[in-house]
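Okay, so the sequence shown: first residue is 0 according to numbering that gives the first Met the number 0, each after it adds one. Report on the structure given below.
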Amino acid sequence: MKCKHCFYSQNLNKGNEISIDNIKKLAKSLKGVLNVSITGGEPFLRKDVGEVIQTFFRYAKPKVISVVTNGFQPKKISEVISDVLKNNQGIRLSVTVSLDGFESVHDKIRGTTGSFKKSIQTINNLKRIKKQFKNLNMGVISTLSSLNADIMLDFYDYIKNELIVDSIQVNLARGESCSPILDKKSIQIYKQIADKTKSDIYSSNLKGYSNFFGSGIYQAVNTLFREIIYKTAKTGKYQLPCAAGRLNGVIYPDGNVSSCEMLDNV
């Protein structure tokens, strides 16, 4: 795929992936972190992604492991997630599938015909797996930009009422990308969706990760962050001191480290 909103596309597909032995060393050094998030690119392109997830669970011992996927490999994703859940008692696993609009919009943004249908298949597969494993939570994440702003309010309702997932997350596009991304209209629609999300969480229309450690705090912090993101995008000014490198960090597929995707490697 070549997603039009991707700010990291020039750094993808360069090989030199960190070995599983080095991931084990890394995981041991991170023991006690609250959350490990495995994203991309696309995590399921890595042949041993299941072993990567298990290594972080066994050696870093986070409260939650999150995996974000484009959902383009329904069979592999289902097999890996089922295997990880079967063989790692006590793991709390969150899997989030990226969807950026209804079929024609999503496929256009992703640059791949059929990607929407495969993502929906992945979501349905994960919902079936969740019936067996209560320690799996699954959600949908969308990136809002000028490419899909016109349909995002309706698409949010579709996710909530038709797909019926645990969590809906809508992010504003950021960084330099392949297409013009943000305009004032997009930012205002983001605000409307943030307000809808807040209302749905408070009214229990969205469960969030209610069976996960610290879920109430997580939801409260995310609600606050959505407001901060809106104000930052609207004014073009930081609303808070940046906590990158202190509260979170980024480790790239080749093992390089940064405090934030928007900043240089350390």
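C-beta: ideal position from N, C-alpha, C; glycine also. A quick note: this is a predicted structure, and the numbers were derived from the prediction, not measured.
Check, Outcome
"Please list, in chain order, all residues of the same chain as A59 whose beta carbon is under 7 Å from its beta carbon, the five residues on each side excluded.", "A26, L29, K30, V32, V35"
"If I180 and A172 are in contact, beta carbons under 8 Å, what's the gap, nearest whole angstrom?", "4 Å"
"Which one of D156, Q187, K183 has the shortest CA to CA distance from T196?", "D156"
"According to the neighbour-count rule (16 or more other Cβ atoms, all chains shown, within 10 Å of its Cβ), is L246 buried or exposed?", "exposed"
"Run through the segment 74 to 154 for me and flag every whole beta strand (DSSP E) of 3 or more residues, listed as ranges in chain order.", "92 to 97, 135 to 143"
"Using the beta-carbon count (16 or more within 10 Å), is M261 buried or exposed?", "exposed"
"Using 8 Å as the limit for Cβ to Cβ distance, is S145 near chain B?", "Within the model displayed, chain B is absent; a lone protein chain is all it includes."
"Please report how far the alpha carbon of D263 lies from the alpha carbon of G248, in whole angstroms.", "12 Å"
"Alpha carbon to alpha carbon, how far is V265 from A242? Give it in angstroms, no decimals.", "15 Å"
"Give the straight-line distance between the Cα atoms of N221 and S257, rounded to the nearest whole angstrom.", "22 Å"
"Which residue marks the beginning of the alpha helix (DSSP H) containing I188, and which one marks its end?", "183 to 201"
"Span of the alpha helix (DSSP H) holding T222?", "214 to 234"
"Rounded to whole angstroms, what is the Cα-Cα separation between D149 and V83?", "38 Å"
"CB T54 to CB K23, shorter than 8 Å?", "yes"
"Which residues in the same chain as D106 place their Cβ atom closer than 6 Å to its Cβ, once the five residues preceding and following it in sequence are excluded?", "T112, S114, F115"
"Just reading off the alpha helix (DSSP H) that N255 is part of, what are its end residues?", "No alpha helix (DSSP H) contains N255, which DSSP labels as neither H nor E."
"Terminal residues of the continuous alpha helix (DSSP H) containing L171?", "Premise fails: L171 lies in the beta strand (DSSP E), 166 to 171, not in any alpha helix (DSSP H)."
"When you compare each of S77, E226, G40, L44 to L135 by their alpha carbons, which one comes out closest?", "S77"
"Evaluate the contact criterion for the segment 88 to 95 versus the segment 141 to 148: three or more CB pairs, one atom per stretch, below 8 Å.", "no"
"What do you get for G100, buried or exposed, if any count of 16 or more other CB atoms within 10 angstroms of its CB means buried?", "buried"
"Taking the beta carbon of G70 as the centre, do at least 16 other beta carbons fall within 10 Å, making it buried, or is it exposed?", "buried"
"Any idea if L205 is buried or exposed, counting beta-carbon neighbours within 10 angstroms, 16 or more meaning buried?", "buried"
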